[in-house]
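Chemist: All the letters of the sequence shown, read from the start, carry residue numbers 1 to 407 under UniProt numbering. The beta-carbon is built from N, C-alpha and C at its ideal position, and this holds for glycine as well. Sharing a structure, written as structure tokens. Questions coming.
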Amino acid sequence: MSLTFKPGSSTLWLRDHCREPRSCHPATKQRLVDTCKIPPDHHPHIVRAETDGLYLDWPETAFESSYRSFFPWSFLIEHSYNPPLVRKDDLPSVDEGKVFWTSAIASELPSVTYDEVMSSEKGVYEWLKRINSYGFSFCSGIPPTPEATEALIRRIAFIRETHYGGFWDFTANLEHGDLAYSDVRLEGHTDTTYFTDLFHLLSPSTSHSGGHNLLIDGFRAARLLRSSNPSAYTLLSTLPIPSHASGSGSASLPSGVHLRPLRRYPVFNHDEHGELVQVRWNGDDRGVVGGEAFEGSKMDEWYEALRAWEGILRSEEAQLWSKMEMGTAIIFDNLRVLHGRSAFSGERRLCGAYVNGDDYRSRLRGLEKQFGGQTEREKAMDRLLEKYGVERTGGEKGGVWDGYLGL
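Spelled out as structure tokens, the structure:
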């Protein structure tokens, strides 16, 4: 194996990304070296290519005493940049493993039992795996108490405190100045567009008439819009929409609710590769649309795009309706799945909570390492390394190289 550094390749990058224990904490994988104190002309005086990787000896300077770095070839290939040896098409899409569904999924809903989740880490993994694939999962057999529901959600991660509180238990009393606390119909929407990243769990506590629950696969709906109406998709991916939560004072929040995000977001949000990672849509929370982005004909075009989007969301094919029974909860990915309900009469008591999406994904990654075997990304990287005649040989050195991938 040989690796050529083109002119302009940075030895500063090599020193900055050294993963030896003196530079990177073995347990936390956090950088210990102060990047800005590395001299810009700091170069290794010995560079040695071996079968397992690249060794660099750094001279003693005012910055540090003499020092040796080691880089497995697998690391240098994976993180190469001049030229980059790993391209977008070499790695799995963010949609890898996801199942895009319609209302036909009603015949075989993703589901687990309370006992499975509460009794083992493997049960939690099976639950989170379903959520990752479908964007939602039911959980049955829950003891009909708020305490049992709270214990269930805490199997994922910490509960996020919001203006609704932490774990909430509510009826249709408009306590928090939100239509969710009423008995009116709610069209498909994502929650809290004025926040960034939340998961949502609901569990019924008492019986009522009406109030059927609605779920829509927002990623599938977005893909359908992109293929059928590309201009509408582009508009909803670029034009920023204001959102808010506003309500009068209550016993818990006497000053009222005045939530605004620090910036406006479009309906469709993408990663650096242009792949959809979040649907952010709640017509009820939407503020006043306007500003420079909507000059000229853009406003009329936006309303036309909105009608096309809502047309897909309100189609019979897109909408999964269900009536949750006592002892059943549903958790869904608020970045992907839209939810709503039909109007209802009588008492409707719900309990539930939000969990940060980052905490959920961290929990899933940890359980995948324990129960899931090799990830699709790891498989793709191994295929790429095989192409270059390299094995992932850094593992036997232990420390931060063992299992290191893309941190």
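Report the residue ranges of all beta strand (DSSP E) runs contained in full by the segment 310–345; include only those spanning at least 3 residues, in chain order.
Modeler: List check, beta strand (DSSP E) in window: 319–322, 329–333 and 337–341.
Chemist: With burial defined as no fewer than 16 other Cβ atoms inside 10 Å of the residue's Cβ, what is the status of G389: buried or exposed?
Modeler: Numbered from 1 along the sequence shown, position 389 holds the residue referred to as residue 389. Per the 10 Å Cβ criterion, exposed.
Chemist: Looking only at its chain, what residues have a beta carbon closer than 8 Å to the beta carbon of C139, apart from the 5 residues adjacent to it on each side?
Modeler: Position 139 of the sequence shown, counted from the first residue, corresponds to residue 139. So the qualifying residues of the chain are S111, V112, T113, Y114, V117, W127, L152, T328, A329, I330 and I331.
Chemist: Using CA coordinates, which residue listed in A245, R22, T61 and T51 is at the minimum distance from D41?
Modeler: Locating residue 41 in the sequence shown gives position 41, counting from the first residue. Nearest of A245, R22, T61 and T51 to D41, Cα basis: T61.
Chemist: Quick check: what's the CA-CA separation for P240 versus S342?
Modeler: On the sequence shown, residue 240 is found 240 positions in, with the first residue counted as 1. On the sequence shown, residue 342 is found 342 positions in, with the first residue counted as 1. Roughly 29 Å between the two C-alpha positions.
Chemist: If we call anything under 8 Å between Cβ atoms a contact, is A148 one with V355?
Modeler: For the purposes of this step, residue 148 is identified with residue 148 of the sequence shown, where counting begins at 1. For the purposes of this step, residue 355 is identified with residue 355 of the sequence shown, where counting begins at 1. No.
Chemist: Rounded to a whole number of angstroms, what is the C-alpha to C-alpha distance between R361 and L335?
Modeler: By 1-based counting over the sequence shown, the position of residue 361 is 361. By 1-based counting over the sequence shown, the position of residue 335 is 335. Computed Cα separation, rounded: 12 Å.
Chemist: With DSSP collapsed to three states, give me the class of G97.
Modeler: As a first step, residue 97 must be located in the sequence shown, where it is residue number 97. Looking at G97 - three-state DSSP - the assignment turns out to be coil, as it is neither helix nor strand.
Chemist: Let me check understanding here. Comparing Cα to Cα, which of V289, Q374, L313 and N82 lies closest to Y303?
Modeler: For the purposes of this step, residue 303 is taken as residue 303 along the sequence shown, with counting starting at 1. Out of V289, Q374, L313 and N82, V289 has the C-alpha closest to the C-alpha of Y303.
Chemist: Of all the alpha helix (DSSP H) runs that stay within the bounds of the segment 45–84, which reach a length of 4 or more residues?
Modeler: Here the runs fully enclosed are 73–78.
Chemist: Per DSSP, which one or two residues make a beta bridge with F219?
Modeler: Translated into positions along the sequence shown, residue 219 becomes position 219. Bridge partners of F219: none, in fact.
Chemist: Name, in chain order, the residues that DSSP records as bridge partners for C24.
Modeler: Numbered from 1 along the sequence shown, position 24 holds the residue referred to as residue 24. Bridge partners of C24: R31.
Chemist: Where does V289 fall in DSSP's three states?
Modeler: Residue mapping note: residue 289 aligns to position 289 of the sequence shown, counting from 1. Coil.
Chemist: Classify K29: buried if its beta carbon has 16 or more other beta carbons within 10 angstroms, exposed otherwise.
Modeler: As a working mapping, residue 29 is identified with position 29 in the sequence shown. Exposed is the call here.
Chemist: Please identify the residue among R377, E386 and M381 whose C-alpha is closest to the C-alpha of G97.
Modeler: For the purposes of this step, residue 97 is taken as residue 97 along the sequence shown, with counting starting at 1. Measuring from the Cα of G97, the nearest candidate turns out to be R377.
Chemist: As a quick exercise: from R263, V277 and S315, pick the residue whose alpha carbon is nearest that of N269.
Modeler: Within the sequence shown, numbered from 1, the residue matching residue 269 stands at position 269. The residue with the shortest Cα to Cα distance from N269 is V277.
Chemist: Where T102 and F136 are concerned, what is the direct C-alpha to C-alpha distance, given to the nearest angstrom?
Modeler: For the purposes of this step, residue 102 is identified with residue 102 of the sequence shown, where counting begins at 1. For the purposes of this step, residue 136 is identified with residue 136 of the sequence shown, where counting begins at 1. The straight-line gap from Cα to Cα measures roughly 13 Å.
Chemist: Does C351 come out as helix, strand or coil in the three-state DSSP assignment?
Modeler: For the purposes of this step, residue 351 is taken as the residue at position 351 of the sequence shown. Strand at C351.
Chemist: Classify R280: buried if its beta carbon has 16 or more other beta carbons within 10 angstroms, exposed otherwise.
Modeler: Reading the sequence shown from its first residue, position 280 is the one you call residue 280. Classification for R280: buried.
Chemist: Taking the Cβ atom as the reference point for each residue, do L224 and I312 lie within a distance shorter than 8 Å?
Modeler: Mapped onto the sequence shown, residue 224 falls at position 224. Mapped onto the sequence shown, residue 312 falls at position 312. Yes, the Cβ-Cβ distance between L224 and I312 is below 8 Å.
Chemist: Does the distance from the CB of A305 to the CB of L236 come in under 8 Å?
Modeler: Position 305 of the sequence shown, counting from 1, holds the residue named residue 305. Position 236 of the sequence shown, counting from 1, holds the residue named residue 236. Going by C-beta atoms, A305 is nearer than 8 Å to L236.
Chemist: By Cβ distance below 6 Å, which residues in the same chain neighbour L186 in space, the five residues on each side in sequence not counted?
Modeler: For the purposes of this step, residue 186 is taken as residue 186 along the sequence shown, with counting starting at 1. These residues qualify, in order along the chain: G340 and R341.
Chemist: Should the segment 49–56 be regarded as contacting the segment 71–78, the criterion being three or more beta carbon pairs within less than 8 Å?
Modeler: Short answer: they touch.
Chemist: Could you tell me which residues DSSP puts in a beta bridge with I159?
Modeler: For the purposes of this step, residue 159 is taken as the residue at position 159 of the sequence shown. The partner list for I159 (beta bridge, DSSP) is empty, contrary to what the question assumes.
Chemist: Which residue from G188, P146, E275 and R155 puts its Cα closest to that of W168?
Modeler: Within the sequence shown, the letter at position 168 stands for residue 168. For W168, the nearest C-alpha among the options comes from P146.
Chemist: Here's a check: name, in chain order, each residue in its chain whose Cβ is nearer than 8 Å to the Cβ of L12, leaving out the five neighbours to either side.
Modeler: In the sequence shown, the residue the question calls residue 12 occupies position 12. Excluding residues within five positions, the ones whose Cβ falls inside 8 Å are I38, P40 and H42.
Chemist: Can you tell me the Cα-Cα spacing of D16 and N213, whole angstroms?
Modeler: The residue labelled residue 16 in the question sits at position 16 within the sequence shown. The residue labelled residue 213 in the question sits at position 213 within the sequence shown. Approximately 51 Å between the Cα atoms of the pair.
Chemist: Just checking my contact of L14 with S93 at CB under 8 Å: how many whole Å lie between their CB atoms?
Modeler: Here the question's residue 14 lines up with position 14 in the sequence shown. Here the question's residue 93 lines up with position 93 in the sequence shown. In fact, because the Cβ distance is near 30 Å, the residues do not count as touching under 8 Å.
Chemist: So, under 8 Å CB-CB, G188 and L338 are touching, yes? Tell me the CB distance rounded to an integer number of Å.
Modeler: Sequence index remark: in the sequence shown, residue 188 carries index 188 (1-based). Sequence index remark: in the sequence shown, residue 338 carries index 338 (1-based). Between L338 and G188 the Cβ distance is about 4 Å, and since that is below 8 Å, they are a contact.
Chemist: Closest to D89 by C-alpha separation, out of L364, H273, V47 and I159, would be which residue?
Modeler: Sequence index remark: in the sequence shown, residue 89 carries index 89 (1-based). Minimum Cα distance to D89 is reached at H273.
Chemist: To the nearest angstrom, how far is the alpha carbon of N132 from that of F63?
Modeler: If you number the sequence shown from 1, residue 132 lands on position 132. If you number the sequence shown from 1, residue 63 lands on position 63. Distance between the alpha carbons of N132 and F63: 46 Å.
Chemist: Quick one: give me the first and last residue of the alpha helix (DSSP H) that T234 is part of.
Modeler: By one-based count along the sequence shown, residue 234 stands at place 234. From DSSP, the alpha helix (DSSP H) with T234 extends over P230 to T238.
Chemist: Any idea what DSSP makes of G283, helix, strand or coil?
Modeler: Translated into the one-based positions of the sequence shown, residue 283 becomes position 283. Three-state result, G283: coil.
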